[in-house]
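Protein chains in written order, with the numbering used here: chain P, 8 to 372; chain H, 8 to 372. Where a beta carbon is used, it is the ideal one built from N, C-alpha and C, also for glycine.
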DNA sequence: ACCTAGTATGAATGCGCTTTCATTCACATA
DNA sequence: TATGTGAATGAAAGCGCATTCATACTAGGT
């Protein structure tokens, strides 16, 4: 009662060796039925549960896959729905990027007999959470920018790692498998839509200050579409924000409207949360969306459709990204250890789709 | 390169003993700065990452909390939104019960320095997934009916377990901590609302065939409200379905409408998914909701608000349930091993709230 | 110069299980 | 009866780390 039972206890009480006890769990058929039953009975009686740690140590594999994601929780997000929709506060409406990936990974992992260990990066934790995760899984996925490149480099020498969202780091991480979405294509198509289908030409783009491959790619798509339409644009977004939250989006809209001489006809944001924040600013300033100003986001999170007007955006197949990540990991894992290093790194780009809603004028508000 | 580096490798290359290497990670201050740096440099060079398994084995604690949840995924769920809302397929809209709990647990776990291991029960997997989880965590939460009572009984003797949703099993599991929601209160209030505020009196309840404490409690609330209003009801739901999915909900609505002589004025379902399924059936049959028939669900999942008409339901604080679960576990874990058994089992009931929407006639469709 | 209280480090043991490899046993074959 | 076979089981050696205890060393104190 005081100490948890081990193989030794079970072995002793059932008159067999620990090897047999182990076999009963690992490979039941290799033990005579009669013996097996006896062992199982004792185990049940004692309350024995094999230690995953010991198991993992001895067999050097855990049957667990991991995911490290950034703590992007947006405190605003939860009250937004209320404000925008007139319904009660609805925390379950705000399904984040990472939630989708978790779901995708969990499902795929289960199919392959793995469990999923998830951990969000604490901003400046002393102990790198990665080390914690990395030490207990057979392989894991990392959302871009969650883990210091340096750490990743070290860890990826030890076990399969797949990088999610964001291009392959050019430096030392180019041996990682990698999954991204067609950021550039999506933003280009969305921009083209605004220009050609809605006839808008005075556009403004709001991105992220810190270097972010995704945002850069999106901005690139924006620029391409503009140039293709003969609209001149700078090499930089019209505004860069410090964080891609709703609060910053709201502030950005204000700044942009104050700054630019003639009001832009459309504000394009690098993600949905900022776009939603901007909606508020515009309402406060008495501007109608999309009549006075069109607004678009990127990501396709649930929130984007719940606010009014619903935000036109680019949907990323986040769930699928999670599934693909697991597939990649499993493939590496089953390919025999040597092959793990030998195999060429895989890099896939998942397609995105433009979702036309009310905020650009495609649907009634 | 071929074999992953261990403490031994690091120790050797940096000219210290493995004990020192271990200390560098566990208790950095106990090692002279100069030595520490040397060790860390070698570790970085070698690509060393401490093995969580070995760590766990030696220190008998993992720093991981677990969650076992049932595989309630509803394949229909994803196309529903499209049909009901006229928008594109929107997989991110369907945030399930378990997703919320995961989120709550993850967040609380992170606050306490734990990671989260999640695993859905494969229907009839040979290896109990519980064993898999149980063996690798310090404690875990179980969604009711995910794990055979017998297994739970065994495992709970070994580590803290908190049971989520569903009343305390009366038999042998009454020493587990336990969190449930006010199922009965919620359903009673919702029913009262239909009767008193909307003047409906011909009601029909659809529940679950298999014994489910939650559904039973909900039905009980329904019965109480009916009786209080002088409406006679049987001791059994009007219909029991084999699974609480949309497909079953749709089928149930058909069956109910065909069977009952005079059409019920309201269909009350034991969860949202069934209610949403019923919406389709009603539309197909040319019945208007809520004018011809009111429909209600239970749970308050995101889907319930996205369909048209939005479904009136009872919201459960699932996220909070996840958080509370972690708090409970952490408390047990930090209370010293002996206290773990000594402490009285905690049982808490979280409040729910009725969400009035269009499907009962409270809001415009 | 000698003893003491720390401090930094090493040696050794054990955590609970998996996994060869060897052994035993029951039978079938010669 | 001697021999070979395959099945069931045991013995023992790790897996990679934490930790206790012992030891070497440092700096004070007298």
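Taking Cβ positions only, does residue i come closer than 7 Å to chain P?
i                      : result
residue 125 of chain H : yes
residue 57 of chain H  : yes
residue 273 of chain H : no
residue 11 of chain H  : yes
residue 162 of chain H : yes
residue 42 of chain H  : no
residue 133 of chain H : Low local confidence applies: a pLDDT of 44 at residue 133 of chain H is under 50, so the model's placement there is unreliable, and no value is given.
residue 18 of chain H  : no
residue 357 of chain H : no
residue 197 of chain H : no
residue 48 of chain H  : no
residue 96 of chain H  : Per-residue confidence for residue 96 of chain H stands at a pLDDT of 35, beneath the threshold of 50, marking its modelled position as unreliable; the derived number appears in the next sentence. With 7 Å as the cut-off, residue 96 of chain H does not count as an interface residue toward chain P.
For a quick check, are the C-beta atoms of residue i and residue j less than 7 Å apart?
i                      : j                      : result
residue 136 of chain P : residue 72 of chain P  : no
residue 157 of chain H : residue 172 of chain H : no
residue 141 of chain P : residue 109 of chain P : no
residue 165 of chain P : residue 11 of chain H  : yes
residue 430 of chain H : residue 274 of chain H : Here chain H has residues from 8 to 372 only, and residue 430 of chain H is not among them.
residue 154 of chain H : residue 170 of chain H : no
residue 224 of chain P : residue 249 of chain P : no
residue 218 of chain H : residue 361 of chain H : no
residue 138 of chain P : residue 56 of chain H  : yes
residue 271 of chain H : residue 220 of chain H : no
Establish whether the CB of residue i and some CB of chain H are separated by less than 7 Å.
i                      : result
residue 278 of chain P : no
residue 268 of chain P : no
residue 151 of chain P : no
residue 289 of chain P : no
residue 143 of chain P : yes
residue 190 of chain P : no
residue 61 of chain P  : yes
residue 81 of chain P  : With a pLDDT of 47 at residue 81 of chain P, under the threshold of 50, the modelled position of this residue cannot be trusted, and the question is left open.
residue 258 of chain P : no
residue 54 of chain P  : yes
If you drop the 5 nearest sequence neighbours on each side, which residues of the same chain put their C-beta closer than 8 Å to that of residue i?
i                      : result
residue 119 of chain P : 333, 337
residue 355 of chain H : 185, 186, 187, 331
residue 357 of chain P : 186, 187, 188, 189, 323, 324, 327, 328, 331
residue 192 of chain P : 228, 358, 359
residue 236 of chain P : 199, 202, 203, 208
residue 279 of chain H : 304, 305, 306, 307, 308, 310, 311, 318, 320
residue 37 of chain P  : 30
residue 35 of chain P  : 43
residue 371 of chain H : 365
residue 377 of chain H : Because chain H here runs from 8 to 372, residue 377 of chain H falls outside it and cannot be looked at.
residue 263 of chain H : 211, 213, 245, 246, 271, 274
With a threshold of 6 Å on Cβ separation, who are the neighbours of residue i within its own chain once the five nearest residues in sequence on each side are excluded?
i                      : result
residue 4 of chain H   : Residue 4 of chain H cannot be examined here, being either before or after the span of chain H that is shown, 8 to 372.
residue 105 of chain P : 76
residue 107 of chain H : 325, 326
residue 182 of chain H : 352
residue 19 of chain P  : none
residue 297 of chain H : 366, 367, 368
Below 7 Å CB to CB, which residues in the same chain sit around residue i once its five sequence neighbours on both sides are set aside?
i                      : result
residue 50 of chain H  : 17
residue 14 of chain P  : 25, 28, 29
residue 23 of chain P  : 42, 46
residue 144 of chain P : 69, 71, 72, 73, 124
residue 21 of chain P  : 45, 46, 49
residue 294 of chain P : 300
residue 147 of chain P : 72, 73, 74, 75, 140, 141, 168
Going by the C-beta, is residue i closer than 6 Å to any heavy atom of the ligand NAP?
i                      : result
residue 172 of chain P : The ligand NAP is not part of the structure shown, which contains no ligands of any sort.
Inspect the CB distances between the stretch 259-267 of chain H and the stretch 287-296 of chain H and report whether three or more fall short of 8 Å. Yes: the two stretches touch, three or more of their Cβ pairs being nearer than 8 Å.
Pairs of beta-carbons, one from the stretch 325-336 of chain P and one from the stretch 106-124 of chain P, closer than 8 Å: are there three or more? A contact exists between the stretch 325-336 of chain P and the stretch 106-124 of chain P.
Examine the Cβ distances between the stretch 358-369 of chain H and the stretch 312-320 of chain H and report whether three or more of them are shorter than 8 Å. Flag = yes, the stretch 358-369 of chain H and the stretch 312-320 of chain H touch.
Whole runs of the alpha helix (DSSP H) within the stretch 225-282 of chain H, excluding any shorter than 4 residues: Complete alpha helix (DSSP H) runs here, min 4: 253-266.
Within the stretch 128-216 of chain P, ranges of the alpha helix (DSSP H) (whole runs, at least 4 residues): Unbroken alpha helix (DSSP H) stretches of 4 residues or longer found wholly inside the stretch 128-216 of chain P: 136-141, 156-162, 190-199, given in chain order.
In chain order, which beta strand (DSSP E) runs of at least 3 residues are fully inside the stretch 11-92 of chain H? 71-77, all fully within the stretch 11-92 of chain H.
Threshold first: 4 residues or longer. Then list the alpha helix (DSSP H) segments lying entirely within the stretch 319-347 of chain H, N to C. Those alpha helix (DSSP H) runs which fall completely within the stretch 319-347 of chain H and span 4+ residues are 325-341.
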